[in-house]
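S.K.:
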Amino acid sequence: MEDSRPHIRALLEERAVQPSQLIRWGGTDNADMCFLVPHTDPDRWSVLTVIGRGREYDLYEGPVESYLLNVLRGDLVSDVFPEDFPDEDPGYERNPWI
């Protein structure tokens, strides 16, 4: 995590996680990034979503499957994603760079 996001570094330090330990698993065409935040207890991993341009982030305390389901159903609204996310017909496109 670059130095322009000390608030995220502080969040990771509270959890004894180094930025290099984050696992990037997704993102958006707006450059937003989704990471898994590891924990020694696999049941306590969380999801960190970081806006591509700005300081906003969301931390979801729960498994990635639950996060995806709640976001795509509209039950969880993220400050990171655009207001119209997800759209009526969400799609998936594999990013060859991650």
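Counting from 2, one number per residue, gives the positions in the sequence shown under the numbering used here. Beta carbons are placed, not taken as given, at the ideal position from N, Cα and C, and that holds for glycine.
(1) Cα separation between proline 39 and proline 87?
(2) Could you check which residue in Ser79, Pro64, Asp80, Asp30 has the C-alpha nearest to that of proline 43?
(3) Checking 8 Å against the spacing of the C-beta atoms, do aspartate 33 and isoleucine 52 come in under that value?
(4) State buried or exposed for leucine 49, treating a residue as buried only when at least 16 other CB atoms are found within 10 Å of its CB.
(5) Below 8 Å between beta carbons: does that hold for tyrosine 68 and tyrosine 58?
M.R.: This is what the structure holds:
(1) In this structure, the CA atom of proline 39 is about 26 Å from the CA atom of proline 87.
(2) Per the C-alpha coordinates, the member of Ser79, Pro64, Asp80, Asp30 positioned closest to proline 43 is Pro64.
(3) Closer than 8 Å, so yes.
(4) Buried.
(5) Tyrosine 58 is positioned such that its CB atom lies no closer than 8 Å to that of tyrosine 68.
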